[in-house]
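Notes follow the structure.
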Amino acid sequence: MASFILRKAEPKDVSDILRLIKELAKFEEMEEQVILTEKDLLEDGFGDHPFYHCLVAEVPKEQQSPEGYTVIGFAMYYFTYDPWIGKLLYLEDFYVMQDYRGLGIGSQILKVLSETAVRTRCSSMHFIVAENNTKSIEFYKRRGAADLSFEEGWRLFAIDKEDLLKMTSK
Amino acid sequence: MDFSIRAANVEDCKDIARMITELAEYEKVTDQVKITQRDLEQDGFSKNPFFHGIIAEVPEQHKSKEGDGKTPTRYSTRQMQVFGCETAVASDKKWLYLCFLGKGIGKALMSKVAQLGLAAGCHQLNFTVLDWNKSSVDFYLHQGCTDVTTDMGYHYMSCKGEAMEHLAQP
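As you go down the protein sequences, you meet chains L and D in turn.
Start counting the first sequence at 1; every next residue gets the next number (UniProt numbering).
Start counting the second sequence at 1; every next residue gets the next number (UniProt numbering).
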């Protein structure tokens with residue numbers, strides 16, 4: 001049984017965080033869309049005004065991956081706001097490397113995030129999941145999560161930089 | 001019609017709370033609104049604000065029937081949360097009194113949000129819309145937005161109240 005620790009990410013972790021972000025994006029078949037760099041992660045997460053927070057899961061050296069990695073999972077989150085209920089914790093990315101799944105790491109990460117949400121008086125934790133990711137959906141629903149798209153008809157919309165620029169020039 | 005767009009200040013919280021309630025009535029979810037004027041004042045205008053707001057304002061002669069006649073009545077609010085991970089600007093909820101639709105105010109508000117996001121180095125604006133809200137859906141699609149839920153199958157999930165507290169238990 002693997003032993004692991006969960007800890008707050010530090011500046012030295014940005015290389016591992018980016019690696020895991022790309023691994024998750026590859027799993028979602030969208031690796032080429034990751035334009036973020038280590039420098040971005042450093043500036044945006046560890047400056048005067050952090051735009052995100054990160055938890056990392058680390059195993060001891062004896063259990064490192066074949067490539068020599070000991071940071072084998074992460075969760076990236078930030079605080080946002082809902083006009084009806086106030087502070088929310090938004091879970092942006094959540095990933096554990098394949099060989100380290102089924103060991104309770106994901107559940108423990110979610111538990112720590114929930115504790116953080118309760119401690120900071122957030123009313124809810126929000127996140128998005130791809131509908132074909134049935135394993136993840138079941139994982140979340142078992143823990144009481146609601147699918148707002150399905151139940152209430154909320155659709156996620158996005159507008160990218162090109163169209164944002166067009167909007168500002170009109 | 002003359003209108004101006006400006007950053008919200010703490011004195012606007014009464015109007016913002018009023019408009020949040022009105023928008024919730026339109027979306028048929030008034031019972032879900034827990035936020036108060038005091039929450040908005042504390043969460044939006046302290047040292048580390050959880051949200052930013054911009055306001056559209058019309059001059060005295062165009063005020064709504066509910067205006068008190070002493071000050072120009074505010075008619076619209078938009079909240080913007082600046083995210084760090086995908087460096088996205090997200091905004092939630094927009095409300096215009098029915099008599100002020102079609103005057104370009106909604107478009108001007110959205111353009112201002114886009115400007116603020118681009119200035120902060122954001123690459124994308126994300127937000128959610130109810131699927132039955134056809135006039136809003138059409139407005140956003142016309143501005144160049146994409147429906148990520150329909151196109152890519154992403155579902156918006158939420159873990160709140162008892163479910164979140166249960167997750168946080170040891």
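Even glycine gets a Cβ: it sits at the ideal position worked out from N, Cα and C.
Interface flag, residue i vs chain D, CB-CB below 9 Å
i	result
Tyr95(L)	no
Gly104(L)	no
Glu32(L)	no
Ala146(L)	yes
Ser15(L)	no
Tyr140(L)	yes
Phe74(L)	no
Beta-carbon neighbours of residue i, restricted to chain D and to distances below 8 Å
i	result
Glu115(L)	Ala168
Arg143(L)	Cys159, Ala163, His166 and Leu167
Val118(L)	Met164, Glu165 and Ala168
Interface residues of chain L facing residue i [CB-CB closer than 9 Å]
i	result
Gly106(D)	None at all; the shortest Cβ gap to chain L is about 11 Å.
Val148(D)	Ile128, Arg155, Leu156, Phe157 and Ala158
Phe3(D)	Correct list: empty, because the minimum Cβ distance to chain L is about 16 Å.
Under the three-state DSSP convention, the category residue i falls into
i	result
Met97(L)	coil
residue 174(D)	Look at the range of chain D in this structure, 1 to 170, and you will see that residue 174(D) is not part of it.
Thr134(L)	helix
Met19(D)	helix
Asp2(D)	coil
Ala24(D)	helix
Asp131(D)	coil
Met110(D)	helix
Cys122(L)	coil
Met157(D)	strand
Ile128(L)	strand
Leu103(L)	coil
Ala9(L)	coil
Arg143(L)	coil
Glu165(D)	helix
Phe61(L)	The question names Phe, but residue 61(L) is Lys in the sequence shown. Correct three-state label for Lys61(L): helix.
Lys34(D)	coil
Glu92(L)	strand
Gly144(D)	coil
Proximal residues of chain L, C-beta to C-beta of residue i below 7 Å
i	result
Arg35(D)	Looking at the sequence shown, residue 35(D) is not Arg but Ile. By Cβ distance, chain L contributes Pro83, Trp84, Ile85 and Gly86.
residue 171(D)	Outside the displayed range of chain D (1 to 170) lies residue 171(D), so it cannot be described from this structure.
Contact with chain L by residue i, beta-carbon distance below 9 Å
i	result
Ala114(D)	yes
Lys65(D)	Its pLDDT being 49, under 50, Lys65(D) is placed unreliably in this model, and the coordinates cannot settle the point.
Asn9(D)	no
Gln81(D)	Note on Gln81(D): pLDDT 25, under 50, position unreliable in the model; the coordinate value appears next. Output row for Gln81(D): interface = yes.
Phe45(D)	no
Ala24(D)	yes
Ser111(D)	yes
Val58(D)	no
Cys13(D)	no
Ile16(D)	yes
Asp138(D)	no
Proximal chain D residues relative to residue i, where beta-carbon distance stays under 7 Å
i	result
Gln8(L)	Note that residue 8(L) is Lys in the sequence shown, not Gln. Within 7 Å Cβ-Cβ: nothing; Lys8(L) doesn't reach chain D, min ~16 Å.
Contact list for residue i against chain L, beta-carbon separation under 8 Å
i	result
Asp131(D)	Gly153, Trp154 and Arg155
Ile20(D)	Pro83 and Trp84
Chain-ordered chain D contacts of residue i [CB-CB under 9 Å]
i	result
Lys166(L)	Ala114, Gln143 and Gly144
Cβ contact check for the segment 162-170 of chain L and the segment 109-118 of chain D: 3 or more pairs under 8 Å: Short answer: they touch.
Three-pair Cβ contact test at 8 Å for the segment 154-169 of chain D versus the segment 100-115 of chain L: The segment 154-169 of chain D vs the segment 100-115 of chain L: in contact.
Cβ pair count under 8 Å reaching 3, the segment 117-126 of chain L against the segment 73-83 of chain L: The segment 117-126 of chain L, when compared against the segment 73-83 of chain L, does touch it at the 8 Å Cβ threshold.
Segment contact, 8 Å Cβ cut-off, at least three pairs: the segment 140-159 of chain D with the segment 135-152 of chain L: Segments in contact, yes.
Chain-ordered residues of the segment 53-64 of chain L with a beta carbon less than 7 Å from chain D: Look at the segment 53-64 of chain L: it has no residue with a C-beta under 7 Å from a C-beta of chain D.
Three-pair Cβ contact test at 8 Å for the segment 7-14 of chain D versus the segment 124-140 of chain D: With fewer than three CB-CB distances shorter than 8 Å, the segment 7-14 of chain D does not count as touching the segment 124-140 of chain D.
Segment contact flag, the segment 137-157 of chain D with the segment 149-156 of chain L, C-beta cutoff 8 Å, min 3 pairs: By the C-beta criterion, the segment 137-157 of chain D is judged to be in contact with the segment 149-156 of chain L, since at least 3 inter-stretch pairs fall below 8 Å.
Validate contact between the segment 68-78 of chain L and the segment 93-100 of chain L using beta carbons, cut 8 Å, 3 pairs: Touching, yes.
Three-pair Cβ contact test at 8 Å for the segment 29-48 of chain L versus the segment 101-109 of chain L: Flag = no, the segment 29-48 of chain L and the segment 101-109 of chain L do not touch.
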